[in-house]
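Student: In UniProt numbering, the protein residues as written are 1 to 623.
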Ligand code: COA
Ligand code: AMP
């Protein structure tokens with residue numbers, strides 16, 4: 001294997017050969033003859049004539065290949081005081097039976113199954129069971145409330161929904177079932193059969209005729225064999241926040257996904273079959289899909305499923321305890337988690353309590369790894385702390401430091417270099433390329449590599465409008481940043497109205513839609529402002545309708561966002577203001593507001609309608 005530069009250049013000069021070679025790591029039921037179908041740009045398809053089953057690649061082939069008794073999944077749940085290890089044989093057996101149960105409820109190839117579950121092994125089993133049947137799963141993060149779930153149900157149109165009685169947070173039990181019931185009331189899609197996992201912590205009432213008990217179904221279910229699907233068939237849909245309130249259904253195919261994740265496990269994460277890999281994320285996010293479930297299992301590694309927090313379950317040593325107890329080699333978290341640990345244990349005293357001799361790397365993503373957090377983690381751990389940048393849309397790293405190829409010198413604040421297949425360009429508004437050090441829109445020349453989104457669920461037009469129309473022939477990442485003289489990429493933040501709260505991607509548009517719904521609100525704006533621990537938190541500004549009273553309004557609006565979007569939005573501050581600053585064409589100057597709130601010297605746009613409105617708002621913004 002060559003060095004980074006050699007691999008990267010090969011991936012761009014001859015993508016077909018590069019990815020054909022990478023595809024050899026997958027077990028196909030029909031080997032790819034064609035590597036890339038580029039006959040209908042801007043749509044591209046990888047391995048269009050190949051067939052495989054993703055679940056068979058993640059489980060069966062390891063059982064057949066001598067790993068049956070190796071741990072596949074270690075469930076570690078400090079919030080319930082539970083630990084359980086599943087070998088590959090056990091995980092396959094449970095998955096094949098749950099696939100049988102789903103089939104019994106009418107799920108077949110191409111059907112969609114919505115999974116709304118906490119961090120329990122059954123969530124992973126449900127995902128893999130869908131893959132086994134050639135069905136399409138759509139996992140909805142448990143921190144989203146009923147309305148967000150309903151929107152996703154209406155778009156995904158599931159044949160079955162899989163959920164649980166509750167989630168367990170450090171300070172409270174979250175009742176999932178009432179949220180599911182409310183979502184099904186709100187949704188236009190007729191309620192399908194729902195499989196409910198009754199958790200001992202807090203069982204729930206089942207609705208006769210609609211709800212089935214997970215354990216009862218499993219005791220009667222027969223295992224089923226994997227169903228081969230086309231490489232280009234969808235494996236899953238994962239909704240992510242866009243600039244409007246309507247989430248985007250990111251489609252992931254089967255073949256490109258398996259090829260890309262297998263490549264990334266070895267070359268980026270330096271992980272081999274049998275190693276223990278831990279992504280401390282949630283199965284509801286793309287990090288959970290790629291690196292709790294599919295990446296490690298496709299490789300034959302052991303994955304850790306952690307139902308807990310970095311702090312408070314029970315203390316700031318929780319991550320080090322898990323890494324030590326399970327001999328984790330590579331660990332992956334969001335920087336916000338490290339900031340939370342650093343705040344509680346600034347000296348890193350908990351680190352000294354655990355044997356971390358197996359740990360080789362700490363990978364960071366989900367938001368920018370700020371240099372202070374980087375330095376703290378690198379000093380305290382004495383290990384490579386590796387930032388890497390990607391998105392739900394891409395499913396794996398656009399830029400990273402390829403630890404399994406050639407570790408590059410780390411530059412704090414940089415996500416390092418583009419990964420194979422990503423022809424990253426920084427563009428000015430007129431489409432010309434920025435010079436080194438000059439900030440612009442980060443774009444990727446088409447085609448994107450395998451594993452990335454082929455389109456949006458049922459909406460090719462929105463896919464083109466959202467990602468491909470700003471610059472012809474390029475994918476618009478929505479992030480801004482620059483490259484330095486050495487080609488290192490610095491990702492500085494979103495250029496749109498997407499915000500990142502504790503590593504969770506949220507749309508300010510969705511929060512605005514909730515505020516605007518209140519009868520007293522005439523207009524509103526939500527911006528993301530800097531937060532020491534969470535990176536960003538949303539802040540709302542509302543203008544009242546004539547005669548409306550501001551009394552108690554902030555509490556009502558905070559409660560409405562929590563009820564509609566979910567606690568995870570962390571929406572706690574809203575100000576009543578006399579007017580919002582706008583351009584002459586009526587666009588609210590959110591970027592200017594954000595800059596002032598973050599304490600930057602923000603130039604007043606020449607298009608502003610009334611500078612006095614902005615002046616009047618300054619003191620509120622700077623609070
Ligand atoms: N189900 C239900 N509710 C959830 C939830 C879930 N899966 N996840 C979070 N919530 C709720 C929490 O209970 C909390 O509710 P509260 O307002 O009643 O306290 C709220 O959503 C916010 O939760 P969280 O974002 O976890 O904030 P926190 O203050 O409790 O913890 C951190 C802060 C930094 C420790 C935490 O956000 C964290 O670990 N972040 C890492 C995120 C991550 O891994 N992201 C994936 C990208 S790689
Ligand atoms: P998500 O789709 O939830 O994974 O969020 C993707 C967004 O998170 C990106 O578009 C970035 O804005 C941000 N992000 C993720 N990882 C990084 C990183 N390493 N550096 C900077 N921003 C990041």
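Each residue gets a CB set at the ideal place from its N, CA and C atoms; glycine is no exception.
Given a cut-off of 8 Å, decide if residue 290 and residue 389 are closer than it, judged by their beta-carbon atoms.
Tutor: Residue 389 sits at position 389 when you count from the first residue of the chain shown. Residue 290 sits at position 290 when you count from the first residue of the chain shown. No, Cβ-Cβ distance for residue 389 and residue 290 is not below 8 Å.
Student: Can you give me the start and stop residues for the alpha helix (DSSP H) that residue 373 sits inside?
Tutor: Walking along the chain shown from the start, residue 373 turns up at place 373. Element bounds for residue 373: 371-381.
Student: Mind checking who residue 202 pairs with in its DSSP beta bridge?
Tutor: The residue given as residue 202 occupies position 202 in the chain shown. Paired residues: none, contrary to the question.
Student: Runs of 3 residues minimum, wholly inside the segment 500-556: which ones carry the beta strand (DSSP E) assignment?
Tutor: 504-507, 521-531, 535-544
Student: Please specify which runs of the beta strand (DSSP E), each continuous and at least 3 residues long, are wholly inside the segment 379-417, giving them in chain order.
Tutor: 385-387
Student: May I ask you to list the residues that DSSP assigns as paired with residue 185?
Tutor: Walking along the chain shown from the start, residue 185 turns up at place 185. According to DSSP, which records beta bridges pairwise, residue 185 is partnered with nothing at all.
Student: Regarding residue 528 and ligand 1, is the C-beta to nearest heavy atom distance less than 7 Å?
Tutor: Working through the chain shown from its first residue, we reach residue 528 at position 528. No - ligand 1 has no heavy atom lying nearer than 7 Å to the Cβ of residue 528.
Student: Any chance you could list the beta strand (DSSP E) runs of at least 3 consecutive residues sitting entirely within the segment 209-275, in chain order?
Tutor: 211-213, 234-240, 248-253, all fully within the segment 209-275.
Student: Over what stretch of residues does the alpha helix (DSSP H) that includes residue 495 continue unbroken?
Tutor: The count along the chain shown starts at 1 and reaches residue 495 at position 495. It is not in any alpha helix (DSSP H) - residue 495 carries neither H nor E in the DSSP assignment.
Student: From residue 442 to residue 420, what does the alpha carbon distance come to, in whole angstroms?
Tutor: For the purposes of this step, residue 442 is taken as the residue at position 442 of the chain shown. For the purposes of this step, residue 420 is taken as the residue at position 420 of the chain shown. Their backbone Cα atoms lie some 16 Å apart in a straight line.
Student: Just to check my reading of the structure: residue 195 and residue 212 have Cβ atoms closer than 8 Å, yes? What is that Cβ distance to the nearest angstrom?
Tutor: For the purposes of this step, residue 195 is taken as residue 195 along the chain shown, with counting starting at 1. For the purposes of this step, residue 212 is taken as residue 212 along the chain shown, with counting starting at 1. Rounded to whole angstroms, the Cβ separation of residue 195 and residue 212 is 5 Å, and the two are in contact under 8 Å.
Student: Give me the residue from 221, 199, 184, 21 with the minimum Cα distance to residue 103.
Tutor: Here residue 103 is taken as the residue at index 103 of the chain shown, counted from 1. Checking every option, the nearest Cα to that of residue 103 belongs to 221.
Student: From the DSSP secondary-structure annotation, give me the bridge partner or partners of residue 52.
Tutor: Translated into positions along the chain shown, residue 52 becomes position 52. Partner(s): 229.
Student: Closest to residue 24 by C-alpha separation, out of 162, 298, 583, 41, would be which residue?
Tutor: Residue numbering aside, residue 24 sits at position 24 when the chain shown is read from its first letter. Checking every option, the nearest Cα to that of residue 24 belongs to 298.
Student: Can we say the segment 58-66 touches the segment 176-194, given the rule of at least three CB pairs closer than 8 Å?
Tutor: no
Student: On the criterion of 16 or more Cβ atoms from any shown chain inside 10 Å, does residue 492 qualify as buried, or is it exposed?
Tutor: Translated into positions along the chain shown, residue 492 becomes position 492. When all chains shown are included, residue 492 counts as exposed.
Student: Work out the CA separation of residue 541 and residue 516 for me, nearest whole Å.
Tutor: Within the chain shown, the letter at position 516 stands for residue 516. Within the chain shown, the letter at position 541 stands for residue 541. Roughly 11 Å between the two C-alpha positions.
Student: Judging by CA-CA distance, which residue of 621, 534, 67, 579 is the nearest neighbour of residue 601?
Tutor: Locating residue 601 in the chain shown gives position 601, where the first residue counts as 1. Closest by C-alpha distance to residue 601, out of 621, 534, 67, 579, is 621.
Student: So what does DSSP say about residue 128, is it helix, strand or coil?
Tutor: By 1-based counting over the chain shown, the position of residue 128 is 128. Residue 128 falls in the helix class under three-state DSSP.
Student: Nearest CA to the CA of residue 223: which residue from 161, 132, 206, 72?
Tutor: Residue 223 sits at position 223 when you count from the first residue of the chain shown. Out of 161, 132, 206, 72, 132 has the C-alpha closest to the C-alpha of residue 223.
Student: State buried or exposed for residue 433, treating a residue as buried only when at least 16 other CB atoms are found within 10 Å of its CB.
Tutor: In the chain shown, counting from the first residue as 1, residue 433 sits at position 433. The residue is exposed, with fewer than 16 neighbouring Cβ atoms inside 10 Å.
Student: Just reading off the alpha helix (DSSP H) that residue 151 is part of, what are its end residues?
Tutor: Indexing the chain shown from 1 puts residue 151 at position 151. Unbroken alpha helix (DSSP H) run through residue 151: 146-156.
Student: Who are the near neighbours of residue 35 in its chain, counting only those whose CB is closer than 6 Å to its CB and skipping five residues on each side?
Tutor: On the chain shown, position 35 is the one that residue 35 refers to. The residues are 16, 19, 20.
Student: Is it right to say residue 380 is buried, meaning 16 or more other beta carbons lie within 10 angstroms of its own, or is it exposed?
Tutor: Along the chain shown, one-based indexing puts residue 380 at 380. Residue 380 is buried by the Cβ-count criterion.
Student: Please state whether the Cβ-Cβ distance between residue 116 and residue 163 is less than 8 Å.
Tutor: Within the chain shown, residue 116 is the residue found at index 116, counting from 1. Within the chain shown, residue 163 is the residue found at index 163, counting from 1. Contact flag set, yes.
Student: Comparing C-alpha positions only, which one of 572, 578, 545, 568 sits nearest to residue 556?
Tutor: Counting from one through the chain shown, the residue named residue 556 turns up at place 556. When only C-alpha atoms are compared, the closest one is 572.
Student: Among all the DSSP beta bridges, which residues are the ones paired with residue 331?
Tutor: Position 331 of the chain shown, counted from the first residue, corresponds to residue 331. Assignment of beta-bridge partners to residue 331 by DSSP yields 278, 362.
Student: On a Cα-Cα basis, can you pick out the residue from 107, 518, 28, 170 that is closest to residue 310?
Tutor: Working through the chain shown from its first residue, we reach residue 310 at position 310. When each option's Cα is compared against that of residue 310, the closest is 170.
Student: Report the three-state DSSP secondary structure of residue 574 (helix, strand or coil).
Tutor: As a working mapping, residue 574 is identified with position 574 in the chain shown. The answer is strand: DSSP assigns residue 574 an E or B state.
Student: Heavy atom of ligand 2 less than 7 Å from the Cβ of residue 9, yes or no?
Tutor: Against the chain shown, residue 9 aligns to sequence position 9. Checking every heavy atom of ligand 2 against the Cβ of residue 9, none is found closer than 7 Å.
Student: Measuring CB atoms only, is the segment 140-153 touching the segment 333-340, in the sense that at least three cross pairs come out at less than 8 Å?
Tutor: no
Student: Residues in the same chain with beta-carbon distance under 7 Å from residue 428, minus the five sequence neighbours each way, listed in chain order, please.
Tutor: To locate residue 428, count along the chain shown from 1; it is residue 428. So the qualifying residues of the chain are 434, 440.
Student: Please return the same chain residues whose Cβ sits closer than 7 Å to the Cβ of residue 199, not counting the five positions on each side in sequence.
Tutor: The residue given as residue 199 occupies position 199 in the chain shown. Correct list, in chain order: 164, 165, 166.
Student: Do residue 286 and residue 26 have their CB atoms nearer than 8 Å?
Tutor: Residue mapping note: residue 286 aligns to position 286 of the chain shown, counting from 1. Residue mapping note: residue 26 aligns to position 26 of the chain shown, counting from 1. No. Outside cutoff.
Student: Taking just the CA atoms, how far does residue 144 sit from residue 562?
Tutor: Position 562 of the chain shown holds residue 562. Position 144 of the chain shown holds residue 144. About 9 Å.
Student: Would you mind stating whether residue 471 and residue 413 have Cβ atoms separated by less than 8 Å?
Tutor: Within the chain shown, residue 471 is the residue found at index 471, counting from 1. Within the chain shown, residue 413 is the residue found at index 413, counting from 1. Contact flag unset, no.
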